[in-house]
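Chains as they are written, first to last, in this note's numbering: chain A, 1 to 337; chain B, 338 to 1172.
Note that the Cβ used here is the ideal one computed from N, Cα and C, for glycine as well.
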Amino acid sequence: MIATIAQSTTSARHRLSASRGLVTVVVALMILVAAGVLFAPSSLSKGAVLGMLPFAAVLAIVALGQTLVVMQGGIDLSVAGSVSMVVVIVTHEAYGNDARVLPAALAALAAALAAGLLNGVLIGRLGLNPIVATLGTNALLYAVVLGVSGGTPRQTTDLMASIAGGTTLGVPNAVYFSVLAVVVTTTAVKRTVAGRRFEAVGANGAAAWATGLMVQRHRGGGYLWAQVLYWLGGVLLAGIINKPTAYQGDSYLLASVAAVVLGGTSLLGGRGDLVATALAALFLTQLDQFVLALGVTFAVQTLTQAAALAIGVALYTIRWSGLRRQLRRGSAPLPVT
Amino acid sequence: MTEDTAVAVAESTMVLFGISKHYDGVAALTDVSLDIRPGEVHALLGENGAGKSTLMGVASGTITSDAGTITVHGELVEGLTPAVATEQGIAIVHQHPAVLPDMTVAENIRVAVPARFLNDTGNQYEAMRRMLADVGFTGHLDDRVGSLTVAQKHLLELAKALVLKPSLLILDEPTAPLGQEAVDTLFERVRRAANGGTAVVYITHRLAEVRVLASRVTVLRDGKVRGTARVEEITDDELLALIVGRQLDSTFPPKRGDAADGAPLLIADGLSGNGFSDVSLAARRGEILGVFGIVGNGQTALLRGLAGLESFTGTVHIGERAFTTKDLRRHSAYMPADRHREGLMMSLSVRENGALSALTRFRRGPLLSRDKEVSDIDRELASLAVKTPSREAVVSSLSGGNQQKVVLVRALLSQPSILVADEPTQGVDVGARAEIYRILREVSDGGVPVVVASSDAKELEGLCDRVIVMSRGGVVETLLGEQITEERLINAAVRATGHSRQASTQGAKPVVGSTRLGRFLQGDYAPVVILALVMLALGSYVLSQNSRYLSSFNITSVMISCAALGFIAMGQTVALLSGGIDLSVGPLSGFLVVIASFFINDGRSVIVMLLGVALMFLGAASAGVVNGGLIRFGGFTAVAATLVTYIALQGLSSLLRDAPGGNIAGSVTNLILTKVGPVPVVFMALVVLTLVMEYCLRYRSWGLRLRAVGSNEDSARAVGVRTDRTGVLAYVATSTLVCLGSIVLLAQLGIGDPAQGVGYTLSSITAVVLGGTSLLGGRGTFVGTLFGAGLIVQVLNATVFLDLSQTWQYFFQGALIVVAAVIYSQVRGSRAGVR
């Protein structure tokens, strides 16, 4: 047995370990592309892909934030209010004036951080249930949304549109932002002391406390970092959409959780796969595109999302090996050796 | 052999024959046969991982074997389940008590014990009190079980098993958490049961207990039977040889002889904290300090104090340096008794667990160096001889002993100032034990103070250079060197507790609910009173601002809205009580209205309308089955499953109607909105239903089962609750209640609109939380939910009368839920961060 440690040590050294979530999402993406080629080539046209990518990028960034929260065994319902708030602050404060974009974005960041702090204190420090706490925060954020906007949409500024909506080297700028977000977040979680501790706290808070870690700070911190990512997503969204509504963030609540779950991060907390989350966001967005290209109704589009999510989760949760064994046993009982 | 078996079948209580069980290809049991006869105490011995608990899981129906037969009372039983086992008179006391923490002692008994066993005198409570007194349980019937000590929980388990007058009683390491006195009571009761003809299977690690109690003994090793013998015909050495498969010369490393001189390295002076008081101790360099005492006399508390996990007064010096609680938590290495809860991150790898406390040393620049980390981990894994398939293996796949070694790897890599080990060899096999002793000795030799608490005096005798004996939180004796013998340790502990009955009673007292006010505040109904007061205050204020507030029109409209939300929130309460959550209630309510909008229109016949109502209920039930099925049989978390249904229901709604349409018949609307005075009938129906369901939740078996599943699913299953069925039915009940809500909604909306209803998901959760139901499951009330729904509707209504904008509506909703949640959590004293 001890010899096997040494063996696997050498073989594992250079092995690129791909998590189950990553494999699943990559395979799903390939199937989706293949289906696109066969049934709806228009969903893979240059125009369609360039139109899809910025939204996939925003969802990826927002879902990264949700992943951090889910890794702590939490869930962040305030993502809807937060993204909406950032969008309205940026579009209303910087309305028609490029010079005010930066101050407006910073003001939005401050507000998002305040929301993250509130979540962090309520959940990390006071030990509230994440659903309850973020539900409350979400309502408070929507109070801000309505206070700032009165519920009416405003046009984005030219500067915002060119930064968030523009392309560089033929690739939408938002994609660069999302890749950067993935790299920075992944590195922070997997390759820094704080990140590894963060992961450990998510996996078992009581044990982390017993080893001397600042459990409350890590647990609350997840919500704070998540808000930074929501903010980035919201700012990009405010530039990508010409005239964003006051409720623009609503669609990101379910979608971000769906991306996290499809990416293989357990809603019970613990290990998170950030790259898989981002790719799952791409998958979900392209799935919409694909279904749209088939020319079906909104209803069918929604049902397809539900089916994709159900299949995605089932891939992780159902013990296929056990099921196979059972089926095999049912057909031809094997003598147990 | 076959003849033997045939004879045995005729007279045996249970015969297990050729039992095999594999987990993911690894054999846990291979061709195990065991026959258990009435009136005998049959000891089952073996190392951890030998398959003892698995075998008894098979015997009690919680585990299904891959092969083999089970014969009970001479009859072949196919597909043994816990419920069938109970019918057959098989009772098991699990190593980890299968109790339901959110329910009271009485409720725990009622959910597990069929009523016929409690009705011999006609007074259930009297019967329960008697069965508890019989095993020396001292708590109160109305205590919440979560607040009992571990020993008391075990006694409760034992009482539950014995009252069934079982023909086969299985005890899985029952003495592990018990003090000496409780052990004596236990043995006495077990003997009495055996004399009465009960067959007892007694799983243990301790040879001494086998000698005292058992008539026959079977040894398992690596999932195979190594031998069965009458106890008087086999020596301890022979037994040990069967268990470990090799002769052990000495399991303990040599003690340090020259430790007597030199200045003390660890000095603690006048330590007092929760569970221990005025403890002073000292240990020289190289000495291992043992802490002994009857379980529950402050040893664990003292160790947690020394590890910095509990605050204390007094001083701790290691070498020259003084350590505060905070310093200790950062610089100590703690090996907890409960490895799963406090020791390891079970879902992370061996490497990640081992490296956790030493991460700062692996830093290169701002990032971690994988090479440094891997080389350190591999070195420690090798030197501690950790048996693992690879360093990247998930730590939960390791055996108990190897998991404990991973805890040690982490402790050693962290270069601690002090090593504190609570029951370091609990659940660890003999071979790994010796290695753990060796490692502890090496750490001590390396100049790090080592403190070990154990309930096994023999262990401390072999390991320690100095032992303090604790009683009632204080040190009653300190033994050194040759003085440390099992006899003297036990003597000191027992003699010190001359009033041990009192001491153990103290230890057994629940820590909460001691005063009436405390009991009320911690109870389930406090939120109701708080909400009522808030509603009254808010109502008076609004009335003072606007006299039309109490107009009968407004009262009616508030009550109608409250009825819609109320029914839906009741449904949500059921889901939460079962330990889940239902995000799909909102879209479901909208979907059901859309269904209705095709049938319940003006000009339709009554039959068609009734068909529509039937379809609504059918649709609701289907949604519930899908939710419950995904969670129970698809392994989905509640959030994931109901999220899928949420999206799917939205899709279905817009599939049926892509725009609002299908006006609801006016006659039906009027019928639904019938009033008595200003009070709508639907509201009265809601109140009545709430009260009925509240009663059922407390006193009917389905209510108890529902809360049992929510409180602790494994325990619920172990006491015979069909958890999957209960879980699925809970979601069906949720959806059915939502359906009642959407009938009210039908009248309110008057049209089928695919976009409506979604908001009820969040507002129903808000209502339930305001009502004080725990999102962790098992605790809550329907009455509270009713008040919660009332308050939400009242607040929204008040903003209209106070002429406030929508901003304020959101603000009040957000503030309400946050404030309520903070207050409840503070009152219930949940400790943040550590759960």
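Contact with chain A by residue i, beta-carbon distance below 9 Å
i	result
B:Tyr-1068	no
B:Thr-339	The pLDDT assigned to B:Thr-339 is 41, lower than 50, so where the model puts this residue is not dependable, and the model offers no usable value.
B:Arg-1168	Confidence at B:Arg-1168 is low in this model, with a pLDDT of 38, below 50, so the placement of that residue should be treated as unreliable; the coordinate-derived value is given next. True, the Cβ-Cβ gap to chain A drops below 9 Å.
B:Thr-541	no
B:Thr-1103	yes
B:Leu-1175	Within the shown structure, residues of chain B are numbered from 338 to 1172, placing residue 1175 of chain B beyond reach of any answer.
B:Pro-673	yes
B:Val-487	no
B:Arg-567	no
B:Val-848	Any reading at B:Val-848 needs caution, since the residue's pLDDT is 43, under 50, leaving its predicted position unreliable; the model's value is listed next. Chain A contact via Cβ: absent.
B:Gly-651	no
B:Pro-601	no
B:Ala-1147	In the sequence under discussion, the amino acid at residue 1147 of chain B is Tyr, which differs from the Ala named in the question. By this cut-off, B:Tyr-1147 is an interface position.
B:Met-682	yes
Residue interval of the alpha helix (DSSP H) (run including residue i)
i	result
A:Tyr-316	298-317
A:Thr-24	20-39
A:Val-193	193-203
Per DSSP, the bridge partner or partners of residue i
i	result
B:Met-807	B:Gly-630 and B:Val-812
B:Ala-380	B:Tyr-539 and B:Val-554
A:Tyr-247	A:Tyr-247 is not bridged to any residue.
B:Leu-506	B:Ala-428 and B:Val-537
B:Glu-415	DSSP, once it has assigned bridges, lists no residue as partnering B:Glu-415.
B:Asn-1000	B:Ile-1088
B:Thr-650	B:Ser-609
B:Lys-1012	B:Pro-1017
B:Leu-603	B:Ala-620 and B:Ile-655
B:Lys-358	B:Leu-366
B:Ala-404	B:Ser-357
Boundaries of the beta strand (DSSP E) in which residue i is found, first to last residue
i	result
B:Lys-490	Element bounds for B:Lys-490: not the beta strand (DSSP E) but the alpha helix (DSSP H), 487-500.
B:Tyr-671	669-672
B:Arg-567	561-567
A:His-92	From DSSP, A:His-92 is part of no beta strand (DSSP E) but of the alpha helix (DSSP H) over 79-93.
B:Ile-755	755-759
B:Val-789	787-790
Residue-chain proximity (residue i, chain B), Cβ-Cβ < 9 Å
i	result
A:Leu-303	yes
A:Phe-198	no
A:Gly-165	no
A:Thr-211	yes
A:Gly-270	yes
A:Ser-251	no
Test item: CB-CB of residue i and residue j under 9 Å
i	j	result
B:Ile-1102	A:Ile-131	yes
B:Arg-1059	B:Met-440	no
B:Val-482	B:Leu-493	yes
A:Leu-146	A:Ser-78	no
B:Leu-523	B:Val-472	yes
B:Val-911	B:Ala-1070	yes
B:Phe-1124	B:Thr-1136	no
A:Leu-229	A:Val-62	yes
B:Thr-555	B:Thr-565	yes
CB contact below 9 Å: residue i versus chain D
i	result
A:Phe-298	Included in the structure are the protein chains A and B, with no chain D among them.
Decide yes or no for the touch test of the region 982-1000 of chain B against the region 299-306 of chain A: beta carbon pairs closer than 8 Å, at least 3 of them. The region 982-1000 of chain B makes contact with the region 299-306 of chain A: 3 or more CB pairs, one atom from each, lie closer than 8 Å.
How do the region 91-103 of chain A and the region 250-269 of chain A stand: do at least 3 beta-carbon pairs fall below 8 Å, yes or no? The region 91-103 of chain A is not in contact with the region 250-269 of chain A.
Counting Cβ pairs closer than 8 Å, one from the region 673-682 of chain B and one from the region 726-746 of chain B, do we hit at least three? yes
Determine contact between the region 30-47 of chain A and the region 281-292 of chain A, defined as no fewer than three beta-carbon pairs at a distance below 8 Å. yes
Three or more C-beta pairs under 8 Å: does that hold for the region 190-207 of chain A against the region 45-55 of chain A? no
Validate contact between the region 784-791 of chain B and the region 692-699 of chain B using beta carbons, cut 8 Å, 3 pairs: no
Three or more C-beta pairs under 8 Å: does that hold for the region 1071-1085 of chain B against the region 966-973 of chain B? no
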